[in-house]
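Top to bottom, those sequences are chains A and B.
My numbering puts the first sequence at residues 76 to 186.
My numbering puts the second sequence at residues 5 to 117.
Don't be surprised by glycine CBs; every beta carbon is placed ideally from N, CA and C.
Structure, as structure tokens:
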Amino acid sequence: RKEVEQDPGPFNVPEGATVAFNCTYSNSASQSFFWYRQDCRKEPKLLMSVYSSGNEDGRFTAQLNRASQYISLLIRDSKLSDSATYLCVPSRGNTGNQFYFGTGTSLTVIP
Amino acid sequence: DGGITQSPKYLFRKEGQNVTLSCEQNLNHDAMYWYRQDPGQGLRLIYYSQIVNDFQKGDIAEGYSVSREKKESFPLTVTSAQKNPTAFYLCASTPGFSNQPQHFGDGTRLSIL
Numbered sequence: 076r077k078e079v080e081q082d083p084g085p086f087n088v089p090e091g092a093t094v095a096f097n098c099t100y101s102n103s104a105s106q107s108f109f110w111y112r113q114d115c116r117k118e119p120k121l122l123m124s125v126y127s128s129g130n131e132d133g134r135f136t137a138q139l140n141r142a143s144q145y146i147s148l149l150i151r152d153s154k155l156s157d158s159a160t161y162l163c164v165p166s167r168g169n170t171g172n173q174f175y176f177g178t179g180t181s182l183t184v185i186p
Numbered sequence: 005d006g007g008i009t010q011s012p013k014y015l016f017r018k019e020g021q022n023v024t025l026s027c028e029q030n031l032n033h034d035a036m037y038w039y040r041q042d043p044g045q046g047l048r049l050i051y052y053s054q055i056v057n058d059f060q061k062g063d064i065a066e067g068y069s070v071s072r073e074k075k076e077s078f079p080l081t082v083t084s085a086q087k088n089p090t091a092f093y094l095c096a097s098t099p100g101f102s103n104q105p106q107h108f109g110d111g112t113r114l115s116i117l
């Protein structure tokens with residue numbers, strides 16, 4: 076089993092739609108979790124940290140289910156500028172300063 | 005502005021040549037990392053360093069070398085032993101204590117001539 080698994084997509088959604096991405100991780104000792112976005116041929120940029128109780132930042136909501144080793148990202152009211160690849164990033168065990176990077180889920184928001 | 009600077013942005017390597025990629029940060033972060041990204045793949049860890057004068061191999065260290073003589077700097081050398089060096093190389097840093105996200109430089113694209 077891969078350390079991190081994401082549906083590669085692509086997800087093609089109209090502007091204003093709600094879209095959800097899922098991610099599973101294999102290391103039950105992972106302690107910290109993040110979502111990054113990566114634009115084509117650019118570096119990953121932190122989108123949000125994922126807290127155990129779930130958290131929201133504007134149009135973005137992240138959820139964590141430790142029992143199922145599952146992380147999700149919900150984007151509401153999609154904008155054209157949301158088009159990117161979204162990377163799920165759990166930590167490698169409980170040290171917290173090394174990470175697994177998923178291959179990402181590609182999102183294209185269509186006018 | 006604080007950040008991570010990678011140079012050059014594009015680099016070409018001839019057969020049998022070693023090349024060095026620069027990574028400098030002014031975030032006062034203790035830990036620094038090098039990743040490689042190939043098309044359609046996730047980031048793979050090459051080397052990382054938690055403190056000055058110390059570094060560890062990541063998942064794909066063969067054909068690469070690093071040094072960490074200063075806190076701000078973590079250069080990566082791609083040696084001639086790396087037979088498939090064409091990739092997007094990303095440098096990252098974290099404060100060093102746990103559960104903090106990584107910050108990335110804007111990357112170096114390395115190609116074979």
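(request) Using a threshold of 8 Å, state whether the C-beta atoms of Q29 (chain B) and L94 (chain B) are closer than that. (result) Position 25 of the second sequence holds residue 29 (chain B). Position 90 of the second sequence holds residue 94 (chain B). Result no, Cβ atoms of Q29 (chain B) and L94 (chain B) do not sit closer than 8 Å.
(message) Comparing C-alpha positions only, which one of A:R76, A:N102, A:R116, A:G179 sits nearest to L148 (chain A)?
(response) As a first step, residue 148 (chain A) must be located in the first sequence, where it is residue number 73. Checked all of A:R76, A:N102, A:R116, A:G179; the closest Cα to L148 (chain A) is A:G179.
(message) Can you pull out the residues from the segment 89-117 of chain B whose beta carbon lies closer than 7 Å to at least one beta carbon of chain A?
(response) Within the segment 89-117 of chain B, the qualifying residues are L94, T98, G100, S102, N103, P105, Q106, F108, G109, D110, G111.
(message) Tell me which residues of the segment 41-52 of chain B have at least one Cβ-Cβ distance to chain A shorter than 9 Å, keeping chain order.
(response) If you check each beta-carbon in the segment 41-52 of chain B against every beta-carbon of chain A, the ones closer than 9 Å belong to Q41, G44, Q45, G46, L47, R48, L49, Y52.
(request) Find the residues of chain B that neighbour F174 (chain A), judging by a C-beta separation of less than 7 Å, and give them in chain order. (result) In the first sequence, counting from the first residue as 1, residue 174 (chain A) sits at position 99. Within chain B, the residues near F174 (chain A) are Q106.
(message) Taking the beta strand (DSSP E) that F78 (chain B) belongs to, which residues open and close that run?
(response) Numbered from its first residue, the second sequence carries residue 78 (chain B) at position 74. Taken as a continuous stretch (DSSP letters only), F78 (chain B) belongs to no beta strand (DSSP E), as it is neither H nor E.
(message) Quick check: is the beta carbon of A85 (chain B) nearer than 8 Å to any beta carbon in chain A?
(response) Residue 85 (chain B) sits at position 81 when you count from the first residue of the second sequence. Contact with chain A is absent for A85 (chain B), since none of that chain's Cβ atoms lies less than 8 Å from the residue's Cβ.
(message) As a quick exercise: from A:F135, A:C163, A:I146, A:S166, pick the residue whose alpha carbon is nearest that of T93 (chain A).
(response) For the purposes of this step, residue 93 (chain A) is taken as residue 18 along the first sequence, with counting starting at 1. Answer by Cα proximity: A:F135.
(request) For Q138 (chain A), I'd like the list of residues in its chain whose CB is within less than 6 Å of its CB, leaving aside the five on either flank, ordered along the chain. (result) Here the question's residue 138 (chain A) lines up with position 63 in the first sequence. Non-local beta-carbon contacts of Q138 (chain A) in its own chain, meaning distances under 6 Å to residues more than five positions away in sequence, involve G129, S147 in chain order.
(request) Identify the continuous beta strand (DSSP E) that holds K61 (chain B) and give its terminal residues. (result) As a position in the second sequence, residue 61 (chain B) is number 57, starting the count at 1. Unbroken beta strand (DSSP E) run through K61 (chain B): 58-61.
(request) Let me know the beta strand (DSSP E) ranges lying completely inside the segment 99-183 of chain A, each 3 residues or longer, listed in chain order. (result) Residue ranges of uninterrupted beta strand (DSSP E) with 3 or more members, entirely inside the segment 99-183 of chain A and ordered along the chain, are 108-113, 119-125, 130-132, 135-140, 145-150, 159-165.
(request) Could you work out which residue in B:E19, B:Y39, B:Q45 is closest to S69 (chain B) when comparing CA atoms only? (result) Within the second sequence, residue 69 (chain B) is the residue found at index 65, counting from 1. Ranking the options by Cα distance to S69 (chain B), first place goes to B:Y39.
(request) Could you give the DSSP three-state label for H33 (chain B): helix, strand or coil? (result) Taking the second sequence and counting its residues from 1, the one referred to as residue 33 (chain B) is at position 29. Correct three-state label for H33 (chain B): coil.
(message) In the DSSP output, which residue or residues are listed as bridge partners for Q45 (chain B)?
(response) Translated into the one-based positions of the second sequence, residue 45 (chain B) becomes position 41. Answer by DSSP bridge pairing: none, since Q45 (chain B) is not bridged.
(request) Would you verify that the beta carbon of A65 (chain B) is, or is not, closer than 8 Å to some beta carbon of chain A? (result) On the second sequence, residue 65 (chain B) is found 61 positions in, with the first residue counted as 1. No, no contact with chain A.
(message) Closer than 9 Å between beta carbons: that is the criterion. Which residues of the segment 88-108 of chain A meet it against chain B?
(response) Answer set for the segment 88-108 of chain A: Q106, S107.
(message) Strictly below 7 Å CB to CB, what residues from chain B border L121 (chain A)?
(response) For the purposes of this step, residue 121 (chain A) is taken as residue 46 along the first sequence, with counting starting at 1. Listed along chain B are P105, each with a C-beta nearer than 7 Å to that of L121 (chain A).
(request) Determine, using beta carbons only, whether F176 (chain A) and S166 (chain A) come nearer to each other than 8 Å. (result) Looking up residue 176 (chain A) in the first sequence gives position 101. Looking up residue 166 (chain A) in the first sequence gives position 91. Contact: no.
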